[in-house]
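Residue numbers (this note's numbering): 454 to 546.
In this text, a Cβ means the ideal position worked out from N, Cα and C, and glycines have one as well.
Computed from a prediction, not measured in an experiment: that's the story for all the values here.
Below you'll find the structure, written out as structure tokens, and then a few comments.
Structure, rendered in structure tokens:
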């Protein structure tokens, strides 16, 4: 069991909850949130199939990279130039 799983399990049990039910609810919400993102949706589906504790060791790295990719996509201007280039081409008046 991973340290994260152990910690979460202890917390849920201390609060009187059912561990598997709690993890199932989180995975269901994650799947709903990922419904429009195919890569993330497949990743969540693979975690659901193997169980939370057996999820790949690179899950954090994948999540972080996905988050950073999304931020980069949002920050890239419509003409493909990053925002930093737009800042250097200011009009002086």
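Continuous alpha helix (DSSP H) stretch holding residue 457: start and end: Where residue 457 is concerned, the enclosing alpha helix (DSSP H) starts and stops at 456 to 467.
Helix, strand or coil at residue 512 according to DSSP, with G and I counted as helix: DSSP places residue 512 within a helical segment (H, G or I) once states are collapsed to three.
DSSP state of residue 522 mapped onto helix, strand, coil: Residue state, collapsed to three classes: helix.
Residue 476 classed as buried or exposed, judged by whether at least 16 other C-beta atoms fall within 10 angstroms: With 16 or more Cβ atoms within 10 Å of its Cβ, residue 476 is classed as buried.
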